[in-house]
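Chains as they are written, first to last, in this note's numbering: chain A, 158 to 543; chain B, 77 to 326.
Quick look at the structure:
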């Protein structure tokens with residue numbers, strides 16, 4: 158017999174109660190881990206981004222276009238290393254259910270600035286020469302079975318070509334692989350020159366510009382100088398870092414991080430109440446036994462440590478089950494939907510957070526039983542007065 | 077704490093004990109004196125409400141007097157802190173209660189081993205000590221049984237084994253036969269008497285069982301003591317309880 162055995166046996170004394178409480182802890186940590194994985198996917202795209210890249214769009218709305226000559230004007234500003242531009246094509250394949258992220262980009266500069274897209278040199282060179290060429294992400298290639306050289310008709314829900322059709326002909330010139338951990342491999346890029354010449358209207362306009370500034374340059378200063386440059390033009394601009402831009406786009410739908418935090422706080426608060434209640438009940442049921450152990454010479458702190466270990470065991474088992482279950486689920490989700498939601502991942506920091514939460518919750522749940530144990534009057538509890 | 081194991085005299089000097097019950101104070105003992113010599117087997121008797129268990133709890137350091145001094149051997153215990161008392165109990169006292177309070181999740185062996193978790197003994201030694209204690213109370217064959225699988229008498233035997241396993245010099249028993257039939261009660265009393273005669277343990281037993289007188293070396297009738305005290309010393313002055321023996325077994 159050792160005290161760990163006593164903790165284990167005491168924990169399993171009311172098996173159904175232990176099981177149900179464990180289950181509630183498991184559900185809480187399952188939700189916590191699952192949401193953390195999804196949150197990582199949503200925030201990874203932001204945190205992965207080079208902080209020295211800026212996005213400039215129309216001040217009023219991203220849907221309004223900017224003149225293409227803004228590229229040269231921005232390039233002359235102090236601190237700017239490189240400028241490229243792009244336009245949103247809004248494409249789909251065969252029918253509108255197969256939506257694709259198709260962007261027309263400046264073929265001379267885009268992939269120099271966005272060096273996270275790894276494209277075989279030969280393919281990149283051939284794409285630069287082929288006006289109708291497209292570079293596709295490997296996830297797209299995998300999903301549709303497209304290979305280099307394949308002719309692919311893509312339609313736009315926005316842009317009509319000069320033939321009066323919304324269907325555009327492309328040839329796959331290359332396949333890229335994002336080098337970032339949570340990189341997006343679902344994009345399609347084609348030459349802006351082809352787009353500009355082919356579209357029926359709004360030529361010489363672009364959707365946004367991307368600017369690379371020198372490392373250690375004052376980012377705020379460069380942002381201000383870009384926006385000041387066009388402040389009194391017909392198309393005033395709004396410039397932000399790429400991180401802020403993507404975060405803002407995501408937050409247009411929902412502030413996922415906030416939702417996750419609220420859910421997690423609510424779940425943990427409920428969990429604490431449940432486990433706390435269980436531990437209070439447990440300590441009350443064993444008042445006589447605790448008094449006897451004190452009479453035998455066990456100190457209050459030794460008994461409180463026992464209660465803490467029981468809480469730790471209960472919450473620990475639930476948390477371990479919930480976390481493992483969520484991790485396994487996320488592996489399957491990643492396999493199934495990883496191309497659409499890259500970056501689903503449980504960081505080691507999350508596991509440390511789980512461990513910390515388990516310890517904090519166990520300490521909290523032992524607090525009230527500790528008060529009860531500390532206040533036990535052995536003589537009154539065990540024998541009364543004759 | 078009590079390094080001198082040969083002297084375990086229990087001495088109460090002018091003990092006052094009172095409880096606060098709402099607005100009123102209930103006096104249980106007033107100017108109470110008592111000496112129990114090492115190796116005695118004392119049965120503390122009397123009707124309910126006279127404070128027999130309170131005396132036992134004071135001896136065991138489970139409770140503190142309102143006033144007065146308590147010595148166990150050379151150690152004064154009424155002024156010890158709770159932490160010191162806890163350690164002192166572990167080293168010197170074995171308790172047997174009417175309700176045995178065995179842990180239902182541990183076997184007889186496990187329950188007896190429990191106090192040894194506070195000692196520096198290793199697991200193997202603890203097991204050996206517990207087996208010996210169970211053997212002393214004739215419970216070796218039931219070592220792996222859980223409390224719910226034991227009869228009342230067997231449970232009390234295990235409780236006695238638990239009380240003696242760490243070899244304390246003093247055993248304090250609060251109505252150890254209260255829940256038992258006559259035959260089993262006699263067995264338990266005989267066992268306690270054997271522990272007293274063979275191992276020289278000081279045993280103080282609170283009991284209502286008149287047959288206990290047959291086993292104890294001294295019987296203290298608390299009611300007679302208090303009557304005599306009031307008669308002889310109406311000013312409530314101290315009276316040596318040693319003079320109020322009402323019976324002594326052969």
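Beta carbons: idealized from backbone N, C-alpha and C, even for Gly.
Discussion item. Using a Cβ-Cβ cutoff of less than 6 Å, which residues in the same chain neighbour residue 233(B) once the five nearest sequence positions on both sides are dropped?
Written reply: 213, 215
Item to complete: Using alpha carbons as the reference points, say which of 319(A), 327(A), 323(A) lies closest to residue 306(A).
Response: 327(A)
Worksheet item: Just curious, the beta strand (DSSP E) that residue 291(A) is in, first and last residue?
Response: 290–294
Discussion item. Cβ closer than 7 Å: which chain B residues qualify as neighbours of residue 475(A)?
Written reply: Those within 7 Å of residue 475(A) in chain B number zero; the least Cβ separation is about 21 Å.
Worksheet item: What residues of chain B sit near residue 449(A), judged by a beta carbon separation below 7 Å?
Response: 177
Worksheet item: Taking just the CA atoms, how far does residue 356(A) sit from residue 318(A)?
Response: 4 Å
Fill in: Close Cβ partners of residue 527(A) (< 7 Å) along its chain, the five nearest in sequence each way excluded
461, 464
Practice prompt. Within the same chain, show all residues whose beta-carbon is closer than 6 Å to that of residue 139(B), passing over the 5 residues directly before and after it, in chain order.
Written response: 133
Item to complete: Determine the DSSP secondary structure at residue 416(A), reduced to helix, strand or coil.
Response: helix
Worksheet item: Where does the unbroken alpha helix (DSSP H) through residue 348(A) begin, and where does it stop?
Response: Careful: residue 348(A) lies outside any alpha helix (DSSP H), inside the beta strand (DSSP E) at 344–348.
Fill in: chain B contact for residue 536(A) (CB, 8 Å cutoff)
yes
Worksheet entry | residue 365(A) versus residue 406(A): straight-line alpha-carbon distance, rounded | 14 Å
Worksheet item: Hey, would you say residue 171(B) sits closer than 8 Å to residue 452(A), going by beta carbons?
Response: yes
Worksheet entry | Any C-beta of chain A under 8 Å from that of residue 205(B) | no
Discussion item. On the DSSP letters alone, give me the boundaries of the alpha helix (DSSP H) that residue 252(A) sits inside.
Written reply: That residue, residue 252(A), is in no alpha helix (DSSP H); it is neither H nor E in DSSP.
Worksheet item: So, is residue 511(A) buried or exposed, given that buried needs 16 or more other C-beta atoms within 10 angstroms?
Response: buried
Worksheet item: Based on Cα-Cα distance, which residue from 282(B), 195(B), 210(B) lies nearest to residue 21(B)?
Response: Because residue 21(B) is not part of the residues shown, which for chain B are 77 to 326, the question remains open.
Item to complete: Buried or exposed for residue 469(A), please, with buried defined as at least 16 other CB atoms from any protein chain shown within 10 angstroms of its CB.
Response: buried
Worksheet entry | Residues bridged to residue 119(B) [DSSP beta-bridge criterion] | 281(B), 295(B)
Item to complete: Sort out for me which residues DSSP pairs residue 397(A) with in a bridge.
Response: 212(A)
Worksheet item: When DSSP builds the beta bridges, which residues end up paired with residue 265(A)?
Response: Its beta-bridge partners do not exist; DSSP assigns none.
Item to complete: Indicate whether at least one CB of chain A lies closer than 8 Å to the CB of residue 154(B).
Response: no
Worksheet entry | 8 Å Cβ cutoff, residue 79(B) in contact with chain A | Confidence at residue 79(B) is low in this model, with a pLDDT of 42, below 50, so the placement of that residue should be treated as unreliable; the coordinate-derived value is given next. With 8 Å as the cut-off, residue 79(B) does not count as an interface residue toward chain A.
Discussion item. For residue 309(A) and residue 329(A), I'd like the C-alpha separation in whole angstroms.
Written reply: 7 Å
Worksheet item: What residues from the stretch 89–117 of chain B come within 8 Å of chain A, judged by C-beta to C-beta, listed N to C?
Response: 95, 104
Worksheet entry | Beta-carbon gap between residue 256(B) and residue 288(B) smaller than 8 Å | no
Practice prompt. Pull out every residue of the stretch 252–282 of chain B whose Cβ sits closer than 9 Å to any Cβ of chain A, in chain order.
Written response: 282
Item to complete: Would you check if the distance between the CB atom of residue 267(A) and the CB atom of residue 369(A) is smaller than 8 Å?
Response: no
Item to complete: Starting from residue 106(B), follow the beta strand (DSSP E) in both directions and report where the run begins and ends.
Response: 100–112
Discussion item. Which residues does DSSP list as the beta-bridge partners of residue 318(A)?
Written reply: 356(A)
Worksheet item: Can you name the residues of chain A whose CB is closer than 8 Å to the CB of residue 224(B)?
Response: By Cβ distance, chain A contributes nothing, its closest Cβ being about 12 Å from residue 224(B), past 8 Å.
Worksheet item: Mind checking whether residue 175(A) and residue 424(A) have CB atoms under 8 Å apart?
Response: no
Discussion item. For residue 403(A) and residue 211(A), I'd like the C-alpha separation in whole angstroms.
Written reply: 11 Å
Fill in: Same chain, Cβ closer than 7 Å to residue 324(A), neighbours up to 5 away in sequence not counted
310, 312
Worksheet item: Distance, Cα to Cα, residue 538(A) vs residue 457(A)?
Response: 15 Å
Worksheet item: What first and last residue would you give for the beta strand (DSSP E) that runs through residue 331(A)?
Response: 324–335
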